[in-house]
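Take 271 as the starting number for the sequence shown in my numbering and just add one per residue. Input: a single structure, listed below in structure tokens.
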Amino acid sequence: MLGIMTAAAAGASLPLATAPSARAASATATGGHGSAPVDLQINSRSRPLGTQTAPTFGWVPPVDRQTAYEIQVGTAPGRADVWHSGKVASPHSVDVAYGGGTLRSEQPYFWRVRTWDEKGAPGRWSEPARWETGLLKGEKDWSGALWIGGRQPQDHDWKDLTATVVFRGGTDPASGLPLLLRAEPIGKTWGEGLDWTIRQSGDDMQLTMKTSHYAGNTWVDDGTSEPNWGVDFYDPQSETNPTTAGTRGVPVGTVTLPASTGLTKDTWASRDHTVKVTVRGLTVATEVGGVEVDRRTLTKDQIRRHGSFGFGG
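Structure (structure tokens):
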């Protein structure tokens, strides 16, 4: 079981409206003269929440041929204190535009409609329908709102970092706990990085340190440039550079962990242990159980100056 304590923000999204409901252009409600419209919709949705545009109205007429309509919009069912269209001679019952004043943000509204048939006879008012506005531009707008998500840019390409890992070992202490620091993926692999591994060696627990490079990367980092990972340069992908596929390791060092760290072959899987690796510039310091077990400065082909953090395979 491995665990790492990190700080991260998770983006979340909330639906602003219910899913559009299907409606047939030729559909009519059953019932003759005196019936009411049904299937009332705002912006082609039933009872939407968080609308951010001026509403359009839709309904299924109760007659075969609608000749006029009348819409009322209010802050409560049956009210017309927001907009009253009056009688409008029109056969339209889909995407009918709102003609009232500016709506308020985060406000529920109620509306109803009635229609006239081909003989000029009015029908009954529909049952009230509801919708609710979201944050509308011009009133509250989005001033003061904060984006729900991670930091921009995301912190996954560090130069200096401190990684703290709390873990309890598994059944194979010889495989150990491999940590990757300043790791850089090229294509689908992580061939560049500092590889710090704690594992059992005989009766001891050791920290083995090396720097991994793609086999085709013979460039030595002097801090003034970056390698060009193009096909004609240090391409790590075997299909384009088969003679230098895979990775190569540059030894950094190996130290035996002292008993004061509390990490032994007997406690490997029986208790939690803490490893902290701090990288500042070219200096890497490693603590196990609160005891500094190694501090060294990277040189020449050992150097990796930036990248991500993670676990090796």
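In this text, a Cβ means the ideal position worked out from N, Cα and C, and glycines have one as well. Since we're looking at a predicted model, the values are computed, not measured.
Cβ-Cβ separation, residue j to residue i (assumed contact under 8 Å), whole Å
i           : j           : result
residue 364 : residue 328 : 5 Å
residue 427 : residue 551 : Between residue 551 and residue 427 the Cβ distance is about 16 Å, and since that is not below 8 Å, they are no contact.
residue 401 : residue 368 : Actually they are not in contact, since the Cβ atoms of residue 401 and residue 368 sit about 11 Å apart, beyond 8 Å.
residue 309 : residue 333 : With a Cβ gap of about 14 Å, residue 309 and residue 333 do not count as contacting.
Pair within 8 Å by beta-carbon distance, residue i and residue j
i           : j           : result
residue 554 : residue 464 : yes
residue 531 : residue 558 : yes
residue 249 : residue 475 : Lying outside 271 to 583, the shown extent of the chain, residue 249 is not represented and no answer is given.
residue 343 : residue 370 : yes
residue 381 : residue 399 : yes
residue 406 : residue 322 : yes
residue 306 : residue 417 : no
residue 548 : residue 467 : no
residue 527 : residue 447 : no
residue 589 : residue 376 : This structure cannot speak to residue 589, because the chain is shown only from 271 to 583.
residue 455 : residue 538 : no
residue 337 : residue 366 : no
residue 544 : residue 459 : no
residue 481 : residue 520 : yes
residue 335 : residue 397 : no
residue 451 : residue 579 : yes
Buried or exposed (CB count within 10 angstroms, at least 16 for buried), residue i
i           : result
residue 508 : A caution first: residue 508 carries a pLDDT of 46, below 50, which makes its placement in the model too unreliable to give a value.
residue 391 : exposed
residue 462 : buried
residue 483 : buried
residue 238 : The requested residue 238 is not part of the displayed model; the chain covers only 271 to 583.
residue 430 : exposed
residue 503 : At residue 503, the pLDDT of 49 sits below 50, so the modelled position is not reliable; the number obtained from the coordinates is stated separately. By the neighbour-count rule (16 or more Cβ atoms within 10 Å), residue 503 is not buried but exposed.
residue 586 : Because the chain is modelled from 271 through 583, residue 586 falls outside the range shown and cannot be assessed.
residue 567 : exposed
residue 341 : buried
residue 358 : exposed
residue 297 : At residue 297, the pLDDT of 42 sits below 50, so the modelled position is not reliable and the matter cannot be decided from this model.
residue 453 : buried
residue 445 : exposed
residue 393 : buried
residue 581 : exposed
residue 565 : exposed
residue 356 : exposed
residue 472 : exposed
residue 486 : buried
residue 361 : exposed
residue 583 : exposed
For residue i, the first and last residue of its enclosing beta strand (DSSP E)
i           : result
residue 378 : 378 to 386
residue 429 : Per DSSP, residue 429 belongs to no beta strand (DSSP E) and is neither H nor E.
residue 462 : 459 to 471
residue 315 : Element bounds for residue 315: n/a, residue is neither H nor E.
residue 521 : 517 to 526
residue 326 : 326 to 330
residue 338 : 338 to 344
residue 477 : 474 to 484
residue 545 : 543 to 550
residue 538 : Element bounds for residue 538: n/a, residue is neither H nor E.
residue 399 : 399 to 403
residue 350 : No beta strand (DSSP E) contains residue 350, which DSSP labels as neither H nor E.
residue 578 : 578 to 581
CB contact below 8 Å: residue i versus chain C
i           : result
residue 543 : Reference to chain C is not applicable here, since this structure consists of a single protein chain.
**Study point:** Cβ pair count under 8 Å reaching 3, the segment 478 to 496 against the segment 567 to 582
**Key:** Contact annotation: the segment 478 to 496 touches the segment 567 to 582, with at least three C-beta pairs closer than 8 Å.
Check your understanding: Are the segment 337 to 356 and the segment 436 to 443 in contact at 8 Å, needing three or more beta carbon pairs?
Key -> Touching, no, given that fewer than three Cβ pairs across the two stretches are closer than 8 Å.
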